[in-house]
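The structure under discussion appears below in the form of structure tokens.
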Amino acid sequence: MNPVDRDGRSSGVRMASLDRPRTDERTRLAVIADPHLSTRESGTSKLFEHTEAHVEAALQDAAARDPDAVVCAGDITKDGEPWNFERFDEILADADLDAPFYSVPGNHDVPKEGYDHDNLPVAEFAERYAPGEEFPFHVEVGGVDLLGINSSGDETFLTDTHEGLVREETVEWLADTLPETDTPVVVSHFNLPAMAEQVHEHRDLAEPDMFVPPELRDPEPFVDVLAENDAPLVLTGHLHMPSTVDQRGVREVMVPTTCSFPQSYLLVDVGPEGTEIRLVPCADFEGTVRGHRERAGDSVTARGLTAMAATRLAQFPLVEE
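Letter by letter, the sequence shown follows residues 8 to 328 in this note's numbering.
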């Protein structure tokens, strides 16, 4: 696929070229992840005081690139605060997207025990950001079947942990829905086990004191249903870096965060030749340097994830099929 945009502008840096998915109807998804939008906090490696500017830049840039849909892989807000969702919706409206916006919830969007605020109910999250106003969802976007799942929880499960879970009823829904689709692209906040294993490998090689971020509980049924139905692509967030892995023939592409290094989003172009994925920055040079400095100096875990992100960027393109 061509490395320039539909209007002739640069489309960022090529992250991956994939044989699949393919579709006769060229389809573009602009995909963001982990904005962690905060209007009342500052500091930390998430650069809370810059989150509004970063997600605003990403959405406005995406709007100018003629996407068929804009998608978020979760963690819209710092911790599910209604006022942060309200601000996100204002930014979304100001971006003047000529395309639908869809999102799945992240572990920081859903209710957790111990919060000192009332979360936006997950049902209301679905009303705002899910077609059909519920999870899981299936919507046709151009030539792509977009399938969004809630792997992060709600008021009835995972309230005592930031781990993820793809519940049995969601696995059953996928088993029923995937065979009925021509070009499925699954969106989940949480990662497949093979992606989480990259963090374990980095810890063992470089950062033995690094904390491994929360992972999916009981992931095997989720992997099984994807592999058994030949799902070609899963888009995830959560770990805040661009990366990819193949697990049993299922290609996972992890979307980098807009909030901290390497502040960016992905353009996913699907067409007859396959799928090309490009990383587009949403911060300028100074902001990117600040993001690297703050994230690398925040904690051992943040330093490890920053090093992983920098390593992945240095290896672009990560996949050429």
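Note that beta-carbon positions come from the ideal geometry of N, C-alpha and C, so glycine has one too. It should be emphasised that the depicted structure is a prediction, and the values quoted were computed from it without experimental measurement.
Just verifying my parser: in three-state terms, what is the DSSP assignment at residue i?
i: GLU259; result: strand
i: GLU214; result: coil
i: TYR122; result: coil
i: VAL11; result: For VAL11, the pLDDT reaches just 44, beneath the cut-off of 50, and the residue's location in the model is therefore unreliable, although a value from the coordinates is still provided. Note: VAL11 maps to strand in three-state DSSP.
i: ARG300; result: helix
i: GLN205; result: helix
i: PHE108; result: strand
i: ARG135; result: helix
i: ASP237; result: coil
i: ALA76; result: strand
i: LEU44; result: strand
i: GLU140; result: helix
i: ILE83; result: coil
i: VAL38; result: strand
i: VAL117; result: coil
i: GLU222; result: coil
i: GLY160; result: coil
i: GLU327; result: strand
i: GLY171; result: strand
i: GLY294; result: helix
i: ASP231; result: helix
i: PHE55; result: helix
i: PRO200; result: helix
i: GLU187; result: helix
What first and last residue would you give for the beta strand (DSSP E) that runs through residue i?
i: GLU359; result: Since the displayed the chain opens at 8 and closes at 328, residue 359 lies outside it and no answer follows.
i: GLU147; result: 144 to 148
i: LEU242; result: 240 to 243
i: MET22; result: 20 to 25
i: PRO191; result: 191 to 194
i: GLY278; result: 271 to 278
i: GLY155; result: 151 to 155
i: THR251; result: 250 to 254
Start and end of the alpha helix (DSSP H) containing residue i?
i: ILE98; result: 89 to 101
i: ASP68; result: 58 to 70
i: LEU320; result: 307 to 321
i: VAL178; result: 175 to 184
Given 8 Å as the limit, tell me if residue i has its C-beta closer than that to any heavy atom belonging to the ligand HEM.
i: THR251; result: The ligand HEM is not among the ligands present in this structure, which contains no ligands whatsoever.
Could you check if residue i is buried or exposed, using at least 16 other CB atoms within 10 Å of its CB as the buried criterion?
i: ASP101; result: exposed
i: ALA69; result: buried
i: ASP183; result: exposed
i: PRO10; result: Residue placement at PRO10 is poorly supported in this model, since its pLDDT is 41, which falls under 50; the coordinates still yield a value, given next. That one is exposed.
i: VAL296; result: exposed
i: HIS207; result: exposed
i: VAL285; result: Per the sequence shown, the amino acid found at residue 285 is Arg instead of Val. So ARG285 counts as buried.
i: THR313; result: buried
i: ARG300; result: exposed
i: ASP105; result: exposed
i: GLU283; result: buried
i: THR318; result: exposed
i: PRO279; result: exposed
i: THR163; result: exposed
i: ALA76; result: buried
i: GLN322; result: exposed
i: TYR122; result: exposed
i: PHE4; result: Summary: the structure shown does not reach residue 4, with the chain confined to residues 8 through 328, and so no result is reported for it.
i: ALA137; result: buried
i: VAL307; result: exposed
i: HIS61; result: buried
Counting only beta-carbon atoms, is residue i nearer than 9 Å to chain D?
i: ARG285; result: Among the chains of the structure shown, chain D does not appear; only one protein chain is present.
(message) Quick check: the segment 182 to 191 against the segment 210 to 223, are at least 3 beta-carbon pairs closer than 8 Å?
(response) Under the Cβ criterion (8 Å, minimum of three pairs), the segment 210 to 223 does not count as touching the segment 182 to 191.
(message) Any contact between the segment 218 to 237 and the segment 47 to 57? By contact I mean 3 or more CB pairs, one from each, below 8 Å.
(response) The answer is no - the segment 47 to 57 does not touch the segment 218 to 237, with fewer than three Cβ pairs under 8 Å.
(message) Between the segment 60 to 75 and the segment 111 to 119, can you find at least three pairs of beta-carbon atoms closer than 8 Å?
(response) Taking 8 Å as the limit for Cβ pairs, the verdict is that the segment 60 to 75 does not touch the segment 111 to 119.
(message) With three or more C-beta pairs closer than 8 Å as the rule, is the segment 195 to 204 touching the segment 75 to 92?
(response) Enough Cβ pairs lie closer than 8 Å, so yes.
(message) Assess contact between the segment 243 to 261 and the segment 19 to 31, defined as three or more Cβ pairs (one per stretch) separated by less than 8 Å. Is contact present?
(response) The segment 243 to 261, when compared against the segment 19 to 31, does touch it at the 8 Å Cβ threshold.
(request) State whether the segment 156 to 171 contacts the segment 217 to 231, with contact taken as three or more CB pairs (one from each stretch) at a distance under 8 Å. (result) Output reads yes: the segment 217 to 231 touches the segment 156 to 171.
(message) Three Cβ pairs or more, each shorter than 8 Å: is that satisfied between the segment 31 to 42 and the segment 263 to 272?
(response) Touching, yes, given that three or more Cβ pairs across the two stretches are closer than 8 Å.
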